[in-house]
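Going by this note's numbering, the first residue of the sequence shown is number 2, and it counts up by one from there. Below is one structure, written out as structure tokens, with a few remarks after it.
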Amino acid sequence: MGYKSILVPLEESDVLPSVLATALLVARQFDSYVEGLCIRPSLAGAIAVGFEGGVAALAGTEEQFEQEQETRTRRLQEHFDGFVRDSGLTVAASADTAGPCARWVEDEAPGIGVFGQRGRVFDVTVVGRPTPGVLTPAMNTLETVLFESGRPVLIAPPTSPQTLARKIVVAWNGSTETARAVSFAMPFLQNAEHVTVLTVEGALVPGPSGEDVAENLRRHGISADTVDSKGKCSPAAAGAMMLEEAAKVGADLLIKGGYTQSRLRQMIFGGATNHILNEAQIPVLMAH
């Protein structure tokens, strides 16, 4: 089984090579189909939903906006086509095309909501980790897919990873969100060399223990152990500890539930999810 279909929302950014490299690692592991989805918004729709460049276009004309979007689309298609060619992927002509394969798809839409909608029929969506102070990759894109697709999101780090899911850390906090992330991650977990289930006291909610999780993974034939971090700490500090533990064991994938606390609370007070989204240097699989 595994992740047979991968959606990649295409945004121009310095992280795009890493996004495509991360998607390629998944595709090669599971013989997957990769869909590069590019949105071409209308001016009115872009302004209405705050699409990148839409508000700035108020100072120009609709024709100028359309020309800019056409140019942006062609740049993205050239980049994606180059990725497909250089990676040796087959161009997918139909659902019967044997993987790993890929296809470019364009969609006229008012905004990024289509990324979340389209993601509902894919096994996983790969996006770039948002970079503070930079427009793209957009936090809105990540959150749209996370909250609207009902599927897992694989977040690519700023630098292209060389390996994926050989050693995995599960950042277990007892929550429904993390339980869902672990379930979605089973194809990775079953292929991993080793899995570490990490619990950080300051980030726990009422629920099963890390050892309960590891025991269930072992029932699936997965090599899993536990690490418990004692002592209370702030949610943001808990996020830092999760990344430190992942680095310590040489993990190339972190699995975590997204926003056990509300987004607003995390924005105001900080939180483990926010810290990881700002700082992670390895791929992160999240679900909400």
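Backbone N, C-alpha and C fix where the C-beta goes; we use that ideal spot for every residue, glycine too.
Nearest-angstrom Cα separation, counted from residue j out to residue i
i: Glu216; j: Ser210; result: 10 angstroms
i: Asn174; j: Pro42; result: 39 angstroms
i: Leu25; j: Asp213; result: 33 angstroms
i: Thr74; j: Cys39; result: 7 angstroms
i: Gly208; j: Thr179; result: 11 angstroms
i: Pro188; j: Thr62; result: 48 angstroms
i: Glu107; j: Arg130; result: 23 angstroms
i: Arg86; j: Val128; result: 21 angstroms
i: Leu190; j: Ala94; result: 31 angstroms
i: Pro111; j: Cys234; result: 42 angstroms
i: Thr177; j: Val206; result: 10 angstroms
i: His195; j: Lys257; result: 17 angstroms
i: Val16; j: Arg167; result: 22 angstroms
i: Arg29; j: Glu12; result: 22 angstroms
i: Thr197; j: His80; result: 36 angstroms
i: Thr98; j: Gln65; result: 39 angstroms
i: Ala247; j: Ile277; result: 11 angstroms
i: His221; j: Leu77; result: 41 angstroms
i: Val292; j: Thr72; result: The chain is shown from 2 up to 289; residue 292 falls before or after that span and cannot be answered.
i: Asn192; j: Leu254; result: 12 angstroms
i: Val125; j: Phe31; result: 12 angstroms
i: Leu199; j: Phe84; result: 35 angstroms
i: Ala239; j: Thr274; result: 9 angstroms
i: Gln68; j: Glu109; result: 14 angstroms
i: Val228; j: Ala281; result: 19 angstroms
i: Thr158; j: Thr132; result: The sequence given here places Pro at residue 158; Thr does not occur at that position. Taking the straight line from one Cα to the other gives about 10 angstroms.
i: Asn279; j: Cys102; result: 31 angstroms
i: Lys5; j: Asp82; result: 20 angstroms
i: Ser88; j: Phe123; result: 21 angstroms
i: Tyr34; j: Ala22; result: 14 angstroms
Delimiting residues of the alpha helix (DSSP H) encompassing residue i
i: Ser19; result: Leu17 to Phe31
i: Ile277; result: Ala273 to Glu280
i: Val35; result: Premise fails: Val35 lies in the beta strand (DSSP E), Tyr34 to Arg41, not in any alpha helix (DSSP H).
i: Glu178; result: Thr177 to Phe185
Expected contact under 8 angstroms - CB spacing of residue i and residue j to nearest Å
i: Pro18; j: Ser161; result: 6 angstroms
i: Ile156; j: Pro284; result: 6 angstroms
i: Ser14; j: Thr164; result: Contact doesn't hold; Cβ gap of about 23 angstroms is too wide.
i: Ala139; j: Leu286; result: Contact flag wrong, Cβ pair sits at about 19 angstroms.
i: Thr142; j: Ile113; result: 5 angstroms
i: Gly3; j: Trp105; result: Not confirmed; about 23 angstroms, so no contact.
i: Ala288; j: Phe185; result: 5 angstroms
Residue range of the unbroken beta strand (DSSP E) whose run includes residue i
i: Pro10; result: Ser6 to Pro10
i: Ala252; result: Note, Ala252: premise wrong, no beta strand (DSSP E); not H, not E.
i: Ala288; result: Val285 to Ala288
query: What are the start and end residues of each continuous alpha helix (DSSP H) run of 4 or more residues lying completely inside the stretch 191–239, in chain order?
result: 211–220
- Could you tell me whether the stretch 134–154 touches the stretch 103–119, where touching means 3 or more Cβ pairs closer than 8 angstroms? yes
*asked:* Restricting to runs no shorter than 3 residues, where is the beta strand (DSSP E) found entirely within the stretch 107–167?
replied: 125–129 and 154–157
- Length-filtered (3 minimum) beta strand (DSSP E) runs lying within the stretch 62–113: 102–109
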